[in-house]
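See structure below.
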Amino acid sequence: MRRLTSTPSVTKTLNAQRSVLPIARKNGPSLTIVRQFQGSIVAQKKFQYRGAKPIFPEEDYHKAQPRRDQDGKMIWPAPKSQIEKAKDFIRECAAASKRTLIVPDKDADGLAAGAIIRKTLILLGLDPKLISGYTMNKNSSLNYRDSRTNMEAYKPSYIIVLDQGSWKSEPVIDSPHRALVIDHHIAENDDHPEGAILVTANKCPPIATSSLLTYLICRDLQEGVEEACGWLCVMGTHGDLGNAIR
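Numbering (my numbering), first residue to last: 1 to 246.
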């Protein structure tokens, strides 16, 4: 079984095809049909699955209407309760002075988020020698046997998973540990490894990248985070959103 890491770019493919299709041709689709199909994909989000990125028309990303609580306050970049749990986890991790494993996705967003977490933990006093990083094998997933075995080998007490998607599963590893998942892919509140804390930006539009969410969680934990990690936030966010940035 191959791990799906992102939604196929169907709309981009259709855009490319649309430029060479005539208005109507014998034994072929008309331009109107192509446009209707493209619109239905975006409207119905047919290709979404848990762990996937949501489909948004690029021109609409920056116009997304934020969620608000009963007092009218914006809920962003994630629910406050989740953010506070993540902050408490990171503080606890730094204070515990135990082996910590960071598991980021291998794209710019995931790696930037991982670097932000590492720098924050060091600023909070965790010995860099206690921090390790692990990137999964190609086509592997967090709950695959090879990933679990490889992560177990680090003997971590704390595990921080970044930008990998999240779904219900057994604990990240079998050994006693504490786990935090920071993400922005499609997931329900209970879509996380057993016992792990999940903080996700997915239901709080405009949906923050994992690096932006991580930065906003860490920024208030130590005054040096903004200067040390701001550029990582920018790099990861631009790498993930590309032309959707306005």
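No residue lacks a Cβ here, since even glycine has one placed at the ideal position from N, Cα and C.
Can you tell me whether Tyr-61 is helix, strand or coil according to DSSP? When secondary structure is reduced to three states using DSSP, Tyr-61 falls in the helix class.
Reduced DSSP secondary structure (H/G/I, E/B, other) of Val-172: In the structure shown, the three-state DSSP call for Val-172 is coil.
Check for me: the beta strand (DSSP E) holding Leu-198 runs from which residue to which? Looking at the DSSP string, the run of the beta strand (DSSP E) that includes Leu-198 is 197-200.
At 4 residues or longer, what runs of the alpha helix (DSSP H) sit wholly inside the stretch 127-214? DSSP runs (the alpha helix (DSSP H)) wholly in the stretch 127-214: 145-152.
Taking just the CA atoms, how far does Asp-105 sit from Glu-194? Going from the Cα of Glu-194 to the Cα of Asp-105 covers about 20 Å.
Let me make sure I understand the geometry here. Which of Glu-170, Ile-159, Cys-204 has the alpha-carbon closest to that of Ile-102? Residue Ile-159 is the option with its Cα nearest to Ile-102.
Once you ignore the five residues that flank Arg-148 on each side, which residues in its own chain have a CB closer than 7 Å to its CB? For Arg-148, the CB contacts under 7 Å within the same chain, skipping 5 residues up- and downstream, are Ile-173 in chain order.
Leaving out five residues on either side along the sequence, give the residues of the same chain with a beta carbon under 6 Å from the beta carbon of Leu-111. Hits under 6 Å: Pro-104.
Mapping DSSP to helix, strand and coil, what is Arg-118? Helix at Arg-118.
Beta-carbon gap between Thr-209 and Asp-240 smaller than 8 Å: Going by C-beta atoms, Thr-209 is nearer than 8 Å to Asp-240.
Quick check: the Cα distance between Ser-166 and Glu-223, rounded to an integer number of angstroms? If you take the alpha carbons of Ser-166 and Glu-223, they lie about 30 Å apart.
Quick one, are the C-beta atoms of Val-161 and Leu-130 less than 8 Å apart? No, the Cβ-Cβ distance between Val-161 and Leu-130 is not below 8 Å.
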